[in-house]
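At position 112 of the sequence shown the residue is numbered 203 (the working numbering), and the sequence of numbers has no breaks. Inspection log for the structure reproduced underneath, given as structure tokens.
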Amino acid sequence: MEYIKKYTAKEEHINLQGNIDGLYVPYYLADCRQSFIHDVLKFDIEEEARNGIDMVLSKYNIDIFRTLKGGSKFSVSCTVSIDRNTPTLLYFKQAVTLRGKLTTRGLFSWTCRPTNGGRSFLPPSLSKQLDRLY
Numbered sequence: 092m093e094y095i096k097k098y099t100a101k102e103e104h105i106n107l108q109g110n111i112d113g114l115y116v117p118y119y120l121a122d123c124r125q126s127f128i129h130d131v132l133k134f135d136i137e138e139e140a141r142n143g144i145d146m147v148l149s150k151y152n153i154d155i156f157r158t159l160k161g162g163s164k165f166s167v168s169c170t171v172s173i174d175r176n177t178p179t180l181l182y183f184k185q186a187v188t189l190r191g192k193l194t195t196r197g198l199f200s201w202t203c204r205p206t207n208g209g210r211s212f213l214p215p216s217l218s219k220q221l222d223r224l225y
């Protein structure tokens, strides 16, 4: 399932050249990803943390092909897949598009770990939602 969220570049994210500063691109990706995790996967990161489960980033890669200008209206998409070889690892594939053109692509690997330490795992509530999607 592809989840899409629309944004307008925030003025405070614009650099002196009139572009979104490259450091803020991950901000928009993270905002969309967190909404996807909450809205689609029904996983409340804050609540789970209170229950001793931390969802943690393990690796990411971002490719920026075009810069976004101040005032740009753009979309960020997010999909999730499970690594069949490492079933405790989730891959979030994301893209930023402006007027139908790809400007940024990102791949983020996430897992869950007990707050007090221990091995990676996917909680049953999250596994259930992933099974529903796939």
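C-beta atoms are modelled at their ideal positions from N, C-alpha and C, and glycine is treated no differently. Please read these numbers as outputs of a predicted model, since none were measured by experiment.
- Starting from the Cα of Asp-112, find the closest Cα among Ile-155, Ser-126, Arg-141, Glu-93 and give me that residue. Ile-155
- Query: Thinking C-alpha only, which one of Thr-179, Phe-199, Leu-159 is nearest Arg-190?
  - Reply: Leu-159
- Delimiting residues of the beta strand (DSSP E) encompassing Ala-100: No beta strand (DSSP E) holds Ala-100; DSSP gives it neither H nor E.
- Query: Taking contact to mean at least 3 C-beta pairs separated by less than 8 Å, is the stretch 173-192 in contact with the stretch 137-144?
  - Reply: no
- Message: Check this for me: beta carbons of Ile-153 and Thr-195, under 8 Å apart or not?
- Response: yes
- Using only alpha-carbon positions, find the residue among Phe-199, Met-92, Gly-162, Ser-166 that is nearest to Met-146. Phe-199
- Message: At the level of alpha carbons, what is the spacing between Asp-222 and His-104?
- Response: 37 Å
- According to the Cβ coordinates, are Thr-202 and Gly-162 closer than 8 Å? no
- Message: Taking 6 Å as the limit between beta carbons, can you name the residues of its chain near Thr-170, skipping five residues before and five after?
- Response: Glu-93, Lys-184
- Own chain partners of Ser-172 with C-beta closer than 6 Å, once the 5 adjacent residues on each side are dropped: Tyr-182
- With distances taken between CB atoms, is the gap from Leu-132 to Leu-217 smaller than 8 Å? yes
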